[in-house]
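Asks: Residues in the sequence shown are numbered consecutively from 2, following my numbering.
All C-beta atoms in this analysis are idealised placements derived from N, C-alpha and C, irrespective of residue type, glycine included.
Please find one structure pasted underneath; my questions will follow.
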Amino acid sequence: MKKIEILKRLYKDYTKKYLNKIILSSIFSVIVAGSTSAIAWLLDPAIKKIFIEKDQSLLLLIPLLIILAFSAKGISLYIAKVLMIFVGEEVKKRLQFDMLRSLINADTQFIDRKHSGKFISNLTYDVQHITNLLSTAILNLVKDSLTLIGLLIVMFVQNWKLALISLIMIPLASFASRTLGKRMRKAATQAQEKSGFLTTYLVELFKNHKIAKIFQRENFEIDRANIHLVGLMEKNKKIGTLLVRMSPIMEVFTGIMIAILIYYSGKLIVNNEIEVNNFFSFLAAMMLAYQPVRSLSTLNMVINQGIAAASRILPIVDTVNKIKNIENAKELKITEGTINFKNIFFNYDSNEKSVLNNVNLEFQGGKMTALVGHSGSGKSTILNLIPRFYQASDGEINIDNQLINDVTLVSLRDKISLVSQETTLFDDTIKNNIKYAKENATDEEVFEVAKLSNAHDFIEKLPDGYETIIGENGLRLSGGEKQRISIARAMIKKSPIILLDEATSSLDSETETKIQEALSTLTKNKTTIVIAHRLSTVLNSNNIYLIDSGKVVDNGNHEDLLVSSKLYKNFYEKQMQR
Ligand SMILES: Nc1ncnc2c1ncn2[C@@H]1O[C@H](COP(=O)(O)OP(=O)(O)OP(=O)(O)O)[C@@H](O)[C@H]1O
Ligand SMILES: [Mg+2]
2 MKKIEILKRL YKDYTKKYLN KIILSSIFSV IVAGSTSAIA WLLDPAIKKI FIEKDQSLLL
62 LIPLLIILAF SAKGISLYIA KVLMIFVGEE VKKRLQFDML RSLINADTQF IDRKHSGKFI
122 SNLTYDVQHI TNLLSTAILN LVKDSLTLIG LLIVMFVQNW KLALISLIMI PLASFASRTL
182 GKRMRKAATQ AQEKSGFLTT YLVELFKNHK IAKIFQRENF EIDRANIHLV GLMEKNKKIG
242 TLLVRMSPIM EVFTGIMIAI LIYYSGKLIV NNEIEVNNFF SFLAAMMLAY QPVRSLSTLN
302 MVINQGIAAA SRILPIVDTV NKIKNIENAK ELKITEGTIN FKNIFFNYDS NEKSVLNNVN
362 LEFQGGKMTA LVGHSGSGKS TILNLIPRFY QASDGEINID NQLINDVTLV SLRDKISLVS
422 QETTLFDDTI KNNIKYAKEN ATDEEVFEVA KLSNAHDFIE KLPDGYETII GENGLRLSGG
482 EKQRISIARA MIKKSPIILL DEATSSLDSE TETKIQEALS TLTKNKTTIV IAHRLSTVLN
542 SNNIYLIDSG KVVDNGNHED LLVSSKLYKN FYEKQMQR
């Protein structure tokens, strides 16, 4: 997107709604500008009447007016800023919300491609810069240009020749700011990148805490942490330096200007073209103009930083999902619950070779079908295609003779439950984790499924029972306990189709039996597709598909396959857990 398009877009979607507040803030900015100019202008009568003409009648009025002008400036500045802080925070929340909504609805593939740390950095770092652009920058633009105009008027009124001379400063300052602005945009992009690396690193550090300990890589991690921090520090130093570099430039300009002015005023005063009072009022206006000129000259950088950030955020907000309802999509109607794969081809990345190669499968309604095969053969991938987490590149998938691409996603996913390979739970109570699959479930329903999944007993023993918070990813539970909770969660949905990616980790035989019992209750009379790693599961299955390198190589029941397939026999002997 071009700069101007980004600005238009930000205005339309994020700023326009707050136009009232912005206008109100601008009105107070007018008062700030007016009172600042009044302060400079008041020096003229003050010096003239009080000091030169020694007129006592104004001795009270002028100081009072000065207090009034300063108070008006202070209070208006406060109100103008507070209004824009509110606008900024509202815009920030709206941006973050839009981005999160987009990520929640995004295709799985979109999420796969980027590290979660990058998204976190977008959500914090980038959003803050856009907020600065839409609040601080707007406020300063209005307030400082109005103040500058007011002060210029005072300067011209006091002496137009001197005012013209001081105008040289404006193109000089804007030239400096443009050059610095370009470098700022570059540095800001690099800093964002570094900050993204840091959050990415942080996410992994916590996830792999134990791994780092057991392989004694603490020192390596400390070094890496240091490298990340140094990288970020260097970039921030650069940005900080660029931001303040305007000050010395401006100070020198101001010094030169004052010198020229004093010299020139000396000439003017001899010809009686200027009075001392005019000169001091003029000088005050010029000094007061220093702050707005400085602020306006850094504005370019704030705008550039904001635009660079927006160019990263807006594409996330605008992501168009590939997986969506077709026009006039129908509701999925389940009769038997039979699922068919016809000539399915699939790859995760269009450049890579196919993960599934012409796969044909039938999962009979109400029965259990097992998928077995070596690691990486494509079993989980087959499961992923049924709820349309990913889109097959070719071929058709039907449920009861309805193409899954033709039915609504809501009705499709409504009929499917999933117990995934690695159990993922939320940092919430056990009850809420189970209810996640059915928002309006009653407590009785929760207890019932917990009992059926053999989870009730251990839950009851926990200090807060069903109200126990289980920590990030269920950290405070054992592997088997987590699995049973995820089975209870799948059960409460009462869906006709169940996808089960059996965990490869082995459990003690008692827990194993409990989980098997739980699973057989869950899958009774439902179309169940299970990726089997255990003998008991394949023995319970109606039909077994043997998958190898993305192809179906054989199918049948356990006994048949032991005879007909060498691959299966081999697989069974080496990999199946009892
Ligand atoms: N999100 C992904 N992006 C890119 N490639 C992937 C992704 N998930 C899996 N793959 C690749 O697809 C192939 C099949 O993976 P899949 O997860 O289906 O294997 P699997 O049969 O379930 O293995 P396992 O028994 O180890 O779970 C593998 O080569 C894997 O590298
Ligand atoms: Mg798998």
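(1) Quick one: grab the DSSP three-state call for Met258.
(2) Nearest CA to the CA of Asn402: which residue from Glu363, Ala41, Glu440?
(3) Please confirm whether any heavy atom of ligand 2 lies closer than 8 Å to the CB of Ile1.
(4) Candidates His375, Ile215, Val33, Phe216: which alpha carbon is nearest Phe572's?
(5) With 16 as the cutoff for other CB atoms within 10 Å, does Thr370 come out buried or exposed?
(6) In this structure, how does DSSP classify Asp395 when only helix, strand and coil are distinguished?
(7) Using a Cβ-based criterion (distance less than 8 Å to any ligand heavy atom), does Ser370 qualify as near ligand 1?
(8) At which residue ranges does the segment 538–571 contain complete beta strand (DSSP E) runs of 3 or more residues, listed in the order of the chain?
(9) In the DSSP assignment, the beta strand (DSSP E) including Ala371 goes from what residue to what residue?
(10) Does Leu11 pass the burial test, meaning 16 or more other C-beta atoms within 10 Å, or should it be called exposed?
(11) Does the segment 80–90 come close enough to the segment 15–29 that 3 or more CB-CB pairs lie under 8 Å?
(12) Tell me whether Asp549, by its Cβ, gets closer than 8 Å to a heavy atom of ligand 2.
(13) Is Ile383 near ligand 1, in the sense that its beta carbon is under 8 Å from a heavy atom of that ligand?
(14) In terms of DSSP beta bridges, what is Ile340 paired with?
(15) Go through its chain and collect everything with a Cβ distance to Ala311's Cβ below 7 Å, but skip five positions before and after it.
(16) Could you pull out every unbroken beta strand (DSSP E) segment of at least 3 residues lying fully inside the segment 462–517, listed in chain order?
(17) Tell whether a beta-carbon distance below 9 Å holds between Asn358 and Phe342.
(18) Can you tell me whether Lys334 is helix, strand or coil according to DSSP?
(19) Are Asn344 and Val356 close, meaning C-beta to C-beta below 9 Å?
(20) Take the Cβ of Asp465 as the centre, count every other Cβ of all protein chains shown within 10 Å, and call the residue buried at 16 or more, exposed below.
(21) If I'm right that Asn305 touches Arg186 with Cβ under 8 Å, what's the distance once you round it to whole angstroms?
(22) Would you say the beta carbon of Lys119 is closer than 8 Å to some non-hydrogen atom of ligand 4?
(23) Do the segment 403–411 and the segment 454–474 make contact, defined as three or more Cβ pairs closer than 8 Å?
(24) Leaving out the 5 sequence neighbours to the left and right, which residues in its chain are closer than 6 Å to Val554 when beta-carbon positions are compared?
(25) Who are the Cβ neighbours of Lys432 in its own chain at under 6 Å, not counting the five residues just before and after it?
(26) Please return the same chain residues whose Cβ sits closer than 7 Å to the Cβ of Asn434, not counting the five positions on each side in sequence.
(27) Where does Lys395 land, buried or exposed, given buried means 16+ other C-beta within 10 angstroms?
(28) If you measure from the CB of Asp113, is any heavy atom of ligand 2 nearer than 8 Å?
(29) Kindly identify the DSSP beta-bridge partner or partners of Thr430.
(30) If you count every other CB in all the chains shown that lies within 10 Å of the CB of Phe120, and 16 or more means buried, which is it?
(31) Decide if Trp42 is buried, meaning its Cβ has at least 16 other Cβ atoms within 10 Å, or exposed.
(32) Using the C-alpha atoms, what's the distance from Ala138 back to Asn348?
(33) According to the Cβ coordinates, are Val33 and Lys74 closer than 9 Å?
(34) Along the chain, where does the alpha helix (DSSP H) containing Ile169 start, and where does it finish?
(35) Relative to the C-alpha of Glu90, which residue among Leu384, Tyr19, Leu269 is closest?
(36) Which partner residues does Ile417 have in the DSSP bridge list?
Replies: Taking the structure as given:
(1) Sequence index remark: in the sequence shown, residue 258 carries index 257 (1-based). Annotated three-state conformation of Met258 is helix, per DSSP.
(2) Your numbering for residue 402 matches position 401 in the sequence shown. Closest by alpha carbon: Glu363.
(3) The first residue shown for the chain is 2 and the last is 579, placing residue 1 beyond what the model contains.
(4) Taking the sequence shown and counting its residues from 1, one reaches residue 572 at position 571. Ranking His375, Ile215, Val33, Phe216 by Cα distance to Phe572 puts His375 first.
(5) Here residue 370 refers to the residue found at position 369 of the sequence shown. Buried, because 16 or more other Cβ atoms sit within 10 Å of the Cβ of Thr370.
(6) Your numbering for residue 395 matches position 394 in the sequence shown. In the structure shown, Asp395 sits in a strand (DSSP, three-state: E or B).
(7) To locate residue 370, count along the sequence shown from 1; it is residue 369. Correcting the residue identity first, residue 370 is Thr in this sequence and not Ser. No.
(8) Positions of the beta strand (DSSP E) runs, each at least 3 residues long and wholly inside the segment 538–571, are given as 544–549, 552–557 in order along the chain.
(9) Your numbering for residue 371 matches position 370 in the sequence shown. If you look at Ala371, you'll find it in the beta strand (DSSP E) that goes 369–374.
(10) Taking the first residue of the sequence shown as 1, we reach residue 11 at position 10. Under this definition Leu11 is a buried residue.
(11) Proximity of the segment 15–29 to the segment 80–90 meets the contact definition, three or more beta-carbon pairs being nearer than 8 Å.
(12) For the purposes of this step, residue 549 is taken as residue 548 along the sequence shown, with counting starting at 1. Answer for Asp549: no, Cβ out of range of ligand 2.
(13) As a working mapping, residue 383 is identified with position 382 in the sequence shown. Taken from the Cβ of Ile383, at least one heavy atom of ligand 1 lies inside 8 Å.
(14) As a first step, residue 340 must be located in the sequence shown, where it is residue number 339. The beta-bridge partner set that DSSP reports for Ile340 consists of Phe364, Ile400.
(15) As a working mapping, residue 311 is identified with position 310 in the sequence shown. Correct list, in chain order: Ile7, Leu11, Ile131.
(16) You should have 498–502.
(17) Within the sequence shown, numbered from 1, the residue matching residue 358 stands at position 357. Within the sequence shown, numbered from 1, the residue matching residue 342 stands at position 341. No, Cβ-Cβ distance for Asn358 and Phe342 is not below 9 Å.
(18) Position 333 of the sequence shown holds residue 334. In the three-state DSSP reduction, Lys334 falls in the coil class, being neither helix nor strand.
(19) In the sequence shown, counting from the first residue as 1, residue 344 sits at position 343. In the sequence shown, counting from the first residue as 1, residue 356 sits at position 355. No, these two residues do not count as a Cβ contact at 9 Å.
(20) Taking the sequence shown and counting its residues from 1, one reaches residue 465 at position 464. So Asp465 ends up on the exposed side.
(21) By one-based count along the sequence shown, residue 305 stands at place 304. By one-based count along the sequence shown, residue 186 stands at place 185. Right, the Cβ-Cβ distance comes to about 4 Å (below 8 Å), so this counts as a contact.
(22) Looking at this structure, you won't find ligand 4 anywhere; what it does contain is ligand 1 and ligand 2.
(23) Judged by Cβ distances under 8 Å, the segment 403–411 makes no contact with the segment 454–474, as fewer than three pairs qualify.
(24) On the sequence shown, position 553 is the one that residue 554 refers to. Scanning its chain for C-beta atoms nearer than 6 Å, with the 5 sequence neighbours on each side dropped, one finds around Val554 the residues Leu547, in chain order.
(25) Looking up residue 432 in the sequence shown gives position 431. In chain order, Val447, Tyr467 place their CB closer than 6 Å to the CB of Lys432, counting only its own chain and leaving out the 5 sequence neighbours on each side.
(26) What you label residue 434 is simply residue 433 of the sequence shown in a count that begins at 1. Cβ contact annotation for Asn434 (same chain, cutoff 7 Å, sequence separation greater than five): Leu426, Phe427, Ile471, Ile486, Arg490, in chain order.
(27) Here residue 395 is taken as the residue at index 394 of the sequence shown, counted from 1. Note that residue 395 is Asp in the sequence shown here, rather than Lys. Flag for Asp395 reads exposed.
(28) Here the question's residue 113 lines up with position 112 in the sequence shown. Flag unset: Cβ of Asp113 not near ligand 2.
(29) Taking the first residue of the sequence shown as 1, we reach residue 430 at position 429. Here Thr430 is bridged, per DSSP, to Ile470.
(30) Residue numbering aside, residue 120 sits at position 119 when the sequence shown is read from its first letter. Its Cβ being crowded by 16 or more others within 10 Å, Phe120 is buried.
(31) The count along the sequence shown starts at 1 and reaches residue 42 at position 41. Burial is judged here by how many other beta carbons sit within 10 angstroms of a residue's own beta carbon; Trp42 has at least 16 and is buried.
(32) Stepping through the sequence shown from its first residue, residue 348 is reached at position 347. Stepping through the sequence shown from its first residue, residue 138 is reached at position 137. Looking at the two C-alpha atoms, the distance is approximately 46 Å.
(33) For the purposes of this step, residue 33 is taken as residue 32 along the sequence shown, with counting starting at 1. For the purposes of this step, residue 74 is taken as residue 73 along the sequence shown, with counting starting at 1. For Val33 and Lys74, yes; Cβs fall inside 9 Å.
(34) Residue numbering aside, residue 169 sits at position 168 when the sequence shown is read from its first letter. No alpha helix (DSSP H) holds Ile169; DSSP gives it neither H nor E.
(35) Counting from one through the sequence shown, the residue named residue 90 turns up at place 89. Minimum Cα distance to Glu90 is reached at Tyr19.
(36) Looking up residue 417 in the sequence shown gives position 416. DSSP output for Ile417 lists Ile498 as bridge partner(s).
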